[in-house]
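Enquirer:
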Amino acid sequence: MAESVLDLRIAGTRDAILMVECGADQVPEETMVEALTFGHESLRPLIDMQDKMATEVGKPKRDDYESFSIDNNLQQEIVDKVQAKVVSAIRDNDEKSMRDQVLDA
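Be aware that the sequence shown starts at 0, since it is given in numbering that gives the first Met the number 0, and climbs by one per residue.
Put into structure tokens, the structure is as follows:
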């Protein structure tokens with residue numbers, strides 16, 4: 000990737016891209032669209048293989064799990080501790096690398 004202008008990772012379903020991570024020099028919009036399209040099309044054979052493996056194993060998809068919930072008091076305590084820092088990091092730092100440093104601290 001040292002010589003590439005675009006380092007792209009995607010995750011998705013057969014029908015949609017769900018997540019994109021990208022490091023890039025400035026690239027034209029058309030190049031980005033082509034890369035996303037290529038990446039999404041490349042996912043489909045992998046998804047087909049996963050579906051085939053799941054069918055062969057015969058284990059049904061679980062849907063009997065409990066949803067995660069958080070106590071309202073704990074949620075508010077977390078918000079109180081980090082909200083100002085996160086808002087400041089996003090608003091006051093134009094450079095992504097600086098935002099990342101502040102948010103990682």
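Don't be surprised by glycine CBs; every beta carbon is placed ideally from N, CA and C.
1) So, with DSSP's three-state summary, where would you put ASP116?
2) Residue ranges of each beta strand (DSSP E) run of no fewer than 3 residues wholly in the region 10-34, ordered along the chain?
3) Is the beta carbon of VAL140 sitting closer than 8 Å to the one on VAL4?
4) Near ALA53, what residues of its chain come up, given a Cβ to Cβ distance below 8 Å and the 5 sequence neighbours on each side ignored?
5) So, at 8 Å on beta carbons, what are the nonlocal neighbours of TYR64 in its own chain, with the 5 sequence-adjacent residues on each side left out?
6) If I measure Cβ to Cβ from THR30 and keep anything under 6 Å in the same chain, skipping five residues before and after, which residues do I get?
7) So what's ASP62 in DSSP terms, helix, strand or just coil?
8) Can you name, in chain order, every residue of its own chain whose Cβ lies under 7 Å from the Cβ of GLY117, other than the five neighbours on each side?
Expert: Well, looking at it:
1) A question about residue 116 goes unanswered here, because the residues of the chain that appear run from 0 up to 104.
2) Taking 3 residues as the minimum length, the beta strand (DSSP E) runs contained wholly in the region 10-34 are 16-23, in order along the chain.
3) The requested residue 140 does not occur in the structure, where the chain is confined to residues 0 to 104.
4) Taken in chain order, the residues that qualify are LYS60.
5) Excluding residues within five positions, none has a Cβ falling inside 8 Å.
6) Excluding sequence neighbours, THR30 sits near nothing in its chain.
7) Of the three classes helix, strand and coil, the one that applies to ASP62 here is coil, per DSSP.
8) In this structure the chain extends from 0 to 104, so residue 117 is not present and cannot be described.
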